[in-house]
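Residue numbers (our numbering): 1057 to 1657.
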């Protein structure tokens, strides 16, 4: 071959190599970082994750479905850890790619604060960002006015406290009782270490456990698509405008069905909106048809896609209280539903080291996993809601206690076909698993029901096993510990993750840590219906592979909690959340009209 032709051939090969390499690098960056703001779904508690699937049922392979889910989840967690930004420049670029906007002022201070405190997670804040999306659709001036109204004690009594940051000093607004005071002191303590970097702001923090903000779908839809124009004549942010028209009203709809309220933000054609009556739907009698295991937990917590929640969760059946508004007013609560517009932050209740109300994890009460009893344990209160009729029977904690203690309860389990090695369902009863179950109520306090219903609950035929209260460390004697919603989230989740227990978690609530914790790596997720729970218990409690995986989840969850859910990690998350909120609240947005780059104007 002539030298010139050889040169041309080498040039072509080099060009192809460089082009392919560049293209593969682009694909790697694109799929690693492509998270535009349009994927932030304020109705699903975050974004749809391409690594997740809705569920996993009986498989045709030799592996149990839970084994497959665990392997997938471990790959996802490894991907999350390896993809975190390693520099401020990379964190800023990643932020822009994900959210179609500049990071908020102070982002560099937050990044250095996070790195200096050995933060494991830098970029995973999609759930946090999703909850702010509707609030870009109202002016900063109006947002401030609504917050000020929400803090008016004539409107909310002692159910709302305010935190005011001005000139790097923090003060509490509308403080009424000792319990909120303890929460507010914890918030102030968390903020002290980064207060010097915060802009001026004022925010509302609910003293109630339940969500507060339920806005009609058309209002939310408009808000997430548009941005207000600039307002160069905006007033001093601290000026109280007595002429501003009142828009914030709170209504208490406790002790009644609340499905219509809880789903008013859902799209009109969503499954949830198709059954606004909250009437229980007829359950299928074929347990085998319903056996699947949750993979995409956000899907199973998406109220808009979960019509059965209306007849299975106490918050919708008959909550003790539900003081709510249908106005977009930014309100921080301890947890939220996918279908409502509250903002979340790390709950003060998780700082059990700083409060006399909840006892922190005590290493001396715990023991290695192999030394624990091979059982699943739960003890808790009847805090699903307030019941004056038979709706209590379908609420989550009552179903849990009754069904797991009922030996004649029909259940569906899986067994491996000897010939094909596939896993196939078969019918059984809870008696097959009774020896592994220690779950019961801890109180007989009669404040959760009417006199007639409370008397009904005491009938032994109802199967509501109740015992004297046991020590906080009682779960540590068992390999498996359960955590299940009451009227809202529960604070025991963090304490259990710190232990050597394998934690089972059933919740429909979203919290600030949703992007930090990976189901099937750090804990075992359980659906609201709990149809898959018996087979999940059988797999973990009776099989050698289940014991191996269960122990790994216990230790991985514990290790991750110690690395990513320290007290300082809650400060890091709060710092990031308040920077995002401060940008929305502050006068700078009035003047510039700043909004995400892909929004309409």
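The beta-carbon is built from N, C-alpha and C at its ideal position, and this holds for glycine as well.
Under the three-state DSSP convention, the category residue i falls into
i            : result
residue 1333 : Residue confidence is low: residue 1333 scores 41 on pLDDT, short of 50, so the model does not pin down where it sits. No coordinate-derived value is stated.
residue 1218 : strand
residue 1270 : coil
residue 1480 : strand
residue 1342 : Confidence at residue 1342 is low in this model, with a pLDDT of 45, below 50, so the placement of that residue is unreliable and no value is reported for it.
residue 1261 : strand
residue 1507 : helix
residue 1024 : A question about residue 1024 goes unanswered here, because the residues of the chain that appear run from 1057 up to 1657.
residue 1656 : strand
residue 1160 : coil
residue 1188 : helix
residue 1134 : helix
residue 1392 : strand
residue 1442 : coil
residue 1361 : helix
residue 1400 : strand
residue 1463 : coil
residue 1308 : strand
residue 1349 : strand
residue 1379 : strand
residue 1239 : helix
residue 1201 : helix
Where the beta strand (DSSP E) through residue i begins and ends
i            : result
residue 1496 : 1493-1497
residue 1435 : 1429-1436
residue 1225 : 1225-1229
residue 1540 : 1534-1540
Buried/exposed call for residue i, threshold 16 Cβ in 10 Å
i            : result
residue 1640 : buried
residue 1483 : exposed
residue 1535 : buried
residue 1438 : buried
residue 1474 : exposed
residue 1653 : exposed
residue 1340 : For residue 1340, the predicted structure reports a pLDDT of 40, less than 50, and the residue's modelled location is therefore unreliable. The matter cannot be settled from this model.
residue 1183 : buried
residue 1627 : buried
residue 1160 : buried
residue 1523 : exposed
residue 1252 : exposed
residue 1145 : exposed
residue 1342 : Because residue 1342 sits at a pLDDT of 45, beneath the cut-off of 50, its placement in the model cannot be relied upon, and the following sentence gives the value as read from the coordinates. Exposed is the call here.
residue 1117 : exposed
residue 1642 : buried
residue 1632 : buried
residue 1476 : exposed
residue 1018 : As shown, the chain starts at 1057 and ends at 1657. That puts residue 1018 outside it, with no answer to give.
residue 1274 : exposed
residue 1305 : exposed
residue 1295 : exposed
residue 1135 : exposed
residue 1397 : buried
residue 1508 : exposed
residue 1618 : exposed
residue 1325 : exposed
residue 1399 : buried
Cβ pair residue i, residue j closer than 8 Å
i            : j            : result
residue 1616 : residue 1569 : no
residue 1383 : residue 1284 : no
residue 1655 : residue 1281 : yes
residue 1323 : residue 1189 : no
residue 1555 : residue 1454 : no
residue 1250 : residue 1169 : yes
residue 1257 : residue 1584 : no
residue 1375 : residue 1310 : yes
residue 1401 : residue 1530 : no
residue 1468 : residue 1591 : yes
residue 1440 : residue 1370 : yes
residue 1217 : residue 1229 : yes
residue 1414 : residue 1547 : yes
residue 1315 : residue 1377 : no
residue 1100 : residue 1394 : yes
Segment limits, alpha helix (DSSP H) that includes residue i
i            : result
residue 1472 : Residue 1472 -> not in any alpha helix (DSSP H); beta strand (DSSP E) instead, spanning 1466-1472.
residue 1388 : No alpha helix (DSSP H) contains residue 1388, which is instead part of the beta strand (DSSP E) from 1387-1389.
residue 1486 : Note, residue 1486: premise wrong, no alpha helix (DSSP H); not H, not E.
residue 1637 : 1623-1641
residue 1173 : That residue, residue 1173, is in no alpha helix (DSSP H); it is neither H nor E in DSSP.
residue 1315 : 1315-1318
### Message
If we require 4 or more residues per run, which alpha helix (DSSP H) segments fall completely within the segment 1522-1604?
### Response
Listed in chain order, they are 1548-1554 and 1589-1598.
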